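Residue numbers (this note's numbering): 12 to 162.
Think of the CB as a built atom: it goes at the ideal place given N, C-alpha and C, for glycine as much as any other residue.
Quick caveat: nothing in here was measured; it's all calculated off a predicted structure.
Here's the structure we're looking at; comments come further down.
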Amino acid sequence: MGYGIEVKCKKCKFKQMYRLGVGMMFPRVYQRIVEAVRNGEYGEEWKKFFEENTSAAIMAEQRLYQCSSCNHLEQDYDLSLYCNKNGTPPEHDYWPHWCDFDHEYEFIKSYIHKCPKCSSRMHKVKDFENAKLPCPKCGSDLKIDDGICWD
């Protein structure tokens with residue numbers, strides 16, 4: 012089940028909701044992302060990795076990213092690369108979200124997300140409780156509220 016957060020700026024009234032994590036459609040989403048990787052839509056490095064590694068996997072959960080230059084916020088797929096530690100390929104053409112990335116898979120590399128507004132590098136927002144996110148409109152600190160679950 013996914014979770015939602017809402018970010019708000021008290022100064023300029025910027026407000027946005029983000030749906031993060033995974034929902035019940037995750038196997039289909041994962042399959043579409045793997046097809047896009049194999050078609051080169053995420054670059055030659057990711058395409059080559061999937062061609063050369065039968066145990067390749069990709070993190071397809073929705074995450075929140077913020078631009079380091081213009082503070083733009085963007086919800087996007089994580090897209091980090093992993094390999095099964097025992098070298099066996101996934102059992103299915105899709106990746107069920109209940110598999111354990113932390114214990115069964117080895118992290119290989121993070122995908123570099125680029126800002127759609129200014130092309131600078133975006134960074135994953137990791138700790139929502141302690142995050143100090145500047146507002147993309149005025150630069151003031153955003154307030155982060157959570158509280159929804161989605162599927």
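**Prompt:** What are the uninterrupted segments assigned as alpha helix (DSSP H) that are 4 or more residues long and contained completely in the segment 106-145, given in chain order?
**Reply:** 112-115
### Query
With distances taken between CB atoms, is the gap from V136 to Q73 smaller than 8 Å?
Translated into positions along the sequence shown, residue 136 becomes position 125. Translated into positions along the sequence shown, residue 73 becomes position 62. Result no, Cβ atoms of V136 and Q73 do not sit closer than 8 Å.
Compute the Euclidean distance between the alpha carbons of T99 and K154, then round it to the nearest angstrom. Within the sequence shown, numbered from 1, the residue matching residue 99 stands at position 88. Within the sequence shown, numbered from 1, the residue matching residue 154 stands at position 143. Near 44 Å, if we compare the C-alpha coordinates of K154 and T99.
*Looking at the structure shown, is K96 part of a helix, part of a strand, or coil, going by DSSP?*
As a working note, residue 96 is residue 85 in the sequence shown. DSSP places K96 in coil when its eight states are reduced to three.
Taking V168 as the reference, which of F37, F61, P38 has the closest Cα?
No answer is possible for residue 168: it lies beyond the span of the chain, which begins at 12 and ends at 162.
Tell me whether A67 sits in a helix, a strand or coil according to DSSP, three-state version.
Reading the sequence shown from its first residue, position 56 is the one you call residue 67. Residue state, collapsed to three classes: strand.
- Task: Please name the residue, chosen from A68, M35, N82, L90, that lies closest to N97 on a Cα-to-Cα basis.
- Result: For the purposes of this step, residue 97 is taken as residue 86 along the sequence shown, with counting starting at 1. In terms of CA proximity to N97, A68 leads the group A68, M35, N82, L90.
Practice problem: Using alpha carbons as the reference points, say which of H83, A71, K125, C126 lies closest to F25. | Solution: Against the sequence shown, residue 25 aligns to sequence position 14. For F25, the closest C-alpha among the options H83, A71, K125, C126 is that of H83.
Since R39 and G15 should fall inside the 8 Å C-beta cutoff, what is the C-beta to C-beta distance between them, to a whole number of angstroms? For the purposes of this step, residue 39 is taken as the residue at position 28 of the sequence shown. For the purposes of this step, residue 15 is taken as the residue at position 4 of the sequence shown. About 20 Å; that fails the 8 Å criterion.
Problem - Beta-carbon gap between K120 and S91 smaller than 8 Å - result: Translated into the one-based positions of the sequence shown, residue 120 becomes position 109. Translated into the one-based positions of the sequence shown, residue 91 becomes position 80. In this structure, S91 lies closer than 8 Å to K120 by Cβ.
CA-to-CA distance, A71 to D89, given in whole angstroms: Mapped onto the sequence shown, residue 89 falls at position 78. Mapped onto the sequence shown, residue 71 falls at position 60. Their backbone Cα atoms lie some 6 Å apart in a straight line.
Note to self: On the DSSP bridge list, what partners appear for R30?
What the structure shows: Your numbering for residue 30 matches position 19 in the sequence shown. G15, per the DSSP bridge assignment.
Please state if the CB of D156 and the CB of E17 are separated by a distance shorter than 8 Å.
-> Walking along the sequence shown from the start, residue 17 turns up at place 6. Walking along the sequence shown from the start, residue 156 turns up at place 145. Yes, Cβ-Cβ distance for E17 and D156 is below 8 Å.
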